[in-house]
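All residue numbers for the sequence shown refer to my numbering, where the first residue is 1 and numbers rise by one.
Glycine included, each C-beta is placed from N, C-alpha and C at the ideal position.
Values in this document were obtained by computation on a predicted structure and should not be read as measured data.
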Amino acid sequence: MTIYPIKAFHDNYIWCLVKNSDCLIVDPGEASPVTQFLQKNKLNLKAILATHHHFDHTNGITELVQTKSVPVYGSAQIPEVTHVVHDEEIIHPLEIPFKVLTIPAHTLEHVAYYSDGVAFTGDTLFTAGCGKIFEGNAEQMYESLNKLKHLPTDTLIYCGHEYTLNNLRFAHLVEPNNQAIQERIEITKQLIKEGQPAVPAPLKLELETNPFLRCNQKEVIIAASDYAQKSLTDPVEILFTLREWKNSLM
Ligand SMILES: [Zn+2]
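In structure tokens, the structure reads:
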């Protein structure tokens, strides 16, 4: 199987997983770029997976299923969903087993889809960052990221937006002495210069460079404490502080 990015809006990624000439689509915020991609590559749409209800991940679903009726996996909050998913459930789109992981915080009904070596993490775990906490709280984000953190380290993280460089700049601010972050910034700049996506990234790299997965690391604890102007020890409080800090820069 091969996974291709289809660009949508300003910085969204719709993912197209291809097996032979069949495919599944993850988070179609727009229909037209998907339709064009399928036609150009002569692919048969077999299923749609949605990570959460935001329009920039779901707005293309209606048009796609009008053209071809396929199962739509996701939460009950998305009207077009034909198969409401539950935590730890195994689904088999394209006869590929995907484990559903509920990861609330960005939205309360957010899920990730994990298959051997691949995780679609929507707007919860980003490359080098995490999503904004719109519906849940910091504790939920911590728990959700913790679930993803324990996937096999070679898992490739496919997220919903190209925020990698911006996220890495924040990571560098938090951990100015982290060599892996500095190296990743250089590699990412080069990829972007070449017009290449910086997504996916292996979980192993995320564990080394993503501050939101590093709330138990000494340098991150010190940086968050400095920002909060008080000594922080609770990893949830540290994550909350990092999120506030990042929000203040955008
Ligand atoms: Zn979202």
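Quick one, are the C-beta atoms of L56 and G195 less than 9 Å apart?
-> First, the residue type needs correcting, since residue 56 is Asp and not Leu in the sequence shown. Contact flag unset, no.
G122 - partner residues in DSSP beta bridges | C159
Given L64, which residues of its chain have a CB within under 8 Å of its CB, disregarding the five upstream and five downstream residues?
-> I25, P28, A31, V34, T35, L45, I48, V70
Less than 9 Å separating the beta-carbons of N210 and G129?
-> yes
Indicate the three-state DSSP secondary structure (helix, strand or coil) for N314 in the structure shown.
-> Only positions 1 to 250 of the chain appear in the structure, and residue 314 is not among them; the question remains open.
Along the chain, where does the beta strand (DSSP E) that runs through T62 open and close?
-> It is not in any beta strand (DSSP E) - T62 instead sits in the alpha helix (DSSP H) that spans 61-67.
Under 9 Å between the Cβ atoms of F212 and L145?
-> yes
With DSSP as the reference, label I48 as helix, strand or coil.
-> strand
For the alpha helix (DSSP H) that contains L168, what are its first and last residues?
-> 164-174
When we look at the beta-carbon of A180 and count the other beta-carbons within 10 Å, is it buried (16 or more) or exposed?
-> exposed
Looking only at its own chain, which residues have a Cβ that is under 8 Å from the Cβ of L207, when we skip the five neighbours before and after it?
-> K149, T153, L213, R214
Candidates E109, I91, I90, E88: closest to I78 by CA position | E109
Does the separation of the CB atoms of A112 and A138 fall below 9 Å?
-> no
What whole-angstrom Cβ distance do V100 and L156 have, given they're in contact under 8 Å?
-> The Cβ separation is near 18 Å, so there is no contact.
Can you list the beta strand (DSSP E) stretches of 3 or more residues lying completely in the region 69-151, in chain order?
-> 72-74, 98-102, 111-115, 118-122
Tell me T2's beta-bridge partners as DSSP assigns them.
-> V18
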